[in-house]
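Report on the structure given below.
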RNA sequence: GCGCCUCUAGCUCAAUUUGGCAGAGCAACGGACUCUUAAUCCGCAGGUUCUGGGUUCGAGUCCCAGGGGGCGCACCA
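Residue numbers (the working numbering): 645 to 1117.
Below you can see the structure in the form of structure tokens.
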């Protein structure tokens, strides 16, 4: 009979802290503790038995004796993976291993399936991701990586709240998905007899919060983009968006530095991290450079919006960058940057002054024609996030949406749709506004030095398991 | 979506260059063992070799199709 509750156990970490250095090999503390966890290893030796018990905070050895332990035969009979609660005296064995000298134990759960090879764990990627519970127990470091993720998310919230930001939650199911260039997932709202879309960004609703008076607002939320799966892309991912009234993109770049370096310090203990065998120094302030400057550094070509379109297209061709027919100069320039330059920037560096045509929700640059006030912080060749001076003028916003519609006409289905609701909200008055987007999964990947997004998502997107082995109609 | 690679016991992996009885360690099961550390030792059992078709006297191995997985490319702002 499995009990309904199990009371009074002490975390292993506390037992180790209290007695680890206190006892000599063969020493006995005289103190009785209760611990609980999973039996990971079992070494039966006639009238003695040793087990390695693992729980959230650590591992400890259990030492059972036929002459002392209640239900000794039952203890010898445990399976690897069973959960038990165990009570006994804290001792050290002759070999010096801190142990609980077992008086009694209670079975708390039976393991009917194994947890992989006790030395090598499990390595089959399919099994690791589909049955993550096995991976978490069987493989070294997996738990720690997700613990790090949890710390990062907590740190991000704390850091923003410390600056007066308020967390809100906005809808996931929408009649129209906006705020980013991406294909949405479609679902069906039965009672409305209408197709709905899963959100691809939180931007438009958060901006409406600002118009409503939330001067500093953020959401850490799951967004969904109907794209392929790859080492850096999962169709659902977690994004931070934060908006700050009266601020511009330079302020927001500082905010990103504050969040990323602060999260790094909280989660890893410092702002200099090891990544891909190199060192990445996230200590603020980060270097700022224009897109034109970094393109020139990497490719040796001086390209900007002054360069005539045919010449830009020729440069793209020579650099092996594909462009879509009908792209304007800004789109070509951005494509060149993304293919040739961004992957080669180690950083961290803020790449600034993007062309207007690729940033439909961003305010025009205060002095550079054709550009918008947008900064992309790059670290280790990847975008960490985005910083914007947000577009606040409803008339300009309408024109940008119309330009997006034109893109859509020529077959670019990720282009945004007109959003009259959002324009009406802007017409009620949006103050000068800075905004950031920060991909939490990629931030965690960077801090955990993970090469695959699946290593930082507990349950990454996989094909449905039905259909395997052809057992589905 | 395209290309390359891959799939063998519950787990981790073997199975001559070039087709010849599908194996080991761990787990499980039975037993021995009073200080083990991946305990050790003895025994037992474990398989639609991803699925379907083909070539062959004979296929885990070669060929075709399908499925799962991996990597790369494409999509990504």
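All C-beta atoms in this analysis are idealised placements derived from N, C-alpha and C, irrespective of residue type, glycine included. Since the structure is predicted, the reported quantities are computational estimates derived from the model, not experimental observations.
- Note on residue 711: under 16 other CB atoms within 10 angstroms of its CB, so exposed under the neighbour-count rule.
- Within the same chain, and ignoring the five residues on either side of residue 973 in sequence, the residues whose Cβ sits closer than 6 angstroms to its Cβ are 949, 953, 956.
- The C-beta distance from residue 882 to residue 1084 rounds to 4 angstroms, short enough to fall under 8 angstroms.
- Of all alpha-carbon atoms in 1092, 699, 1021, 961, the one lying nearest the alpha-carbon of residue 980 is that of 961.
- Residue range 1029 to 1033 is occupied by the beta strand (DSSP E) that includes residue 1032, with no alpha helix (DSSP H) assigned at that position.
- For residue 708, the enclosing beta strand (DSSP E) starts and ends at 702 to 709.
- For residue 905, the enclosing alpha helix (DSSP H) begins and ends at 893 to 912.
- The segment 1028 to 1095 contains, as complete beta strand (DSSP E) runs of 3+ residues, the segments 1029 to 1033, 1077 to 1083 (chain order).
- If you keep only unbroken beta strand (DSSP E) runs of at least 3 residues inside the segment 796 to 854, you get 830 to 833, 838 to 842.
- Per DSSP, residue 716 lies in no beta strand (DSSP E); the unbroken alpha helix (DSSP H) holding it starts and ends at 716 to 720.
- A direct Cα-to-Cα measurement between residue 757 and residue 846 gives close to 42 angstroms.
- Using a Cβ distance threshold of 7 angstroms, residue 681 and residue 699 count as a contacting pair.
- The distance from the Cβ of residue 1032 to that of residue 1017 is about 7 angstroms, consistent with a contact at the 8 angstroms cut-off.
- Shortest Cα-Cα distance from residue 740 to any of 704, 769, 1095 involves 704.
- In this chain, residue 782 is not harboured by any beta strand (DSSP E); it is covered by the alpha helix (DSSP H) spanning 776 to 782.
- If one requires a minimum length of 4 residues, the alpha helix (DSSP H) runs lying completely within the segment 938 to 1021 are 953 to 962, 973 to 980, in chain order.
- By the neighbour-count definition (other C-beta atoms within 10 Å, threshold 16), residue 686 is a buried residue.
- With distances taken between CA atoms, residue 969 lies nearest to 1055 out of 1029, 931, 1055.
- Of the candidates 778, 742, 939, the residue whose Cα lies closest to the Cα of residue 762 is 778.
- The residues 1105, in chain order, have a CB closer than 6 angstroms to that of residue 873 in the same chain once the five nearest residues on each side in sequence are set aside.
- It is roughly 31 angstroms from the alpha-carbon of residue 888 to the alpha-carbon of residue 988.
- Judged by DSSP secondary structure, residue 877 falls outside any alpha helix (DSSP H); it is assigned neither H nor E.
- If you ignore the 5 residues before and after residue 998, its C-beta comes within less than 8 angstroms of the C-beta of 935, 974, 978, 1006, 1015, 1016, 1018, 1020, all in its own chain and listed in chain order.
- Apart from the 5 residues on each side of it in sequence, residue 876 sits with its Cβ closer than 6 angstroms to the Cβ of 1097 in its chain, given in chain order.
- Counting only runs that start and end inside the segment 674 to 698, there is no alpha helix (DSSP H) element of at least 4 residues.
- At a Cβ-Cβ threshold of 7 angstroms, residue 709 and residue 730 do not count as neighbours.
- The C-alpha of residue 792 lies about 9 angstroms from the C-alpha of residue 910.
- Shortest Cα-Cα distance from residue 684 to any of 697, 693, 692 involves 697.
- Annotation: residue 789 to residue 1078 spans about 32 angstroms, alpha carbon to alpha carbon.
- Secondary structure note for residue 733: its beta strand (DSSP E) is the uninterrupted segment 727 to 736.
- Beta bridge pairing from DSSP links residue 745 with 707, 733.
- Fewer than three pairs of CB atoms, one per stretch, sit closer than 8 angstroms, so the segment 820 to 837 makes no contact with the segment 802 to 812.
- From the listed residues 742, 732, 669, 898, the smallest Cα separation to residue 748 is found for 732.
- Pairing residue 915 with residue 927 gives a Cβ-Cβ distance under 7 angstroms.
- With distances taken between CA atoms, residue 742 lies nearest to 657 out of 986, 1010, 657.
- In summary, residue 994 is buried, with 16 or more beta-carbon neighbours lying within 10 Å of its beta-carbon over all protein chains present.
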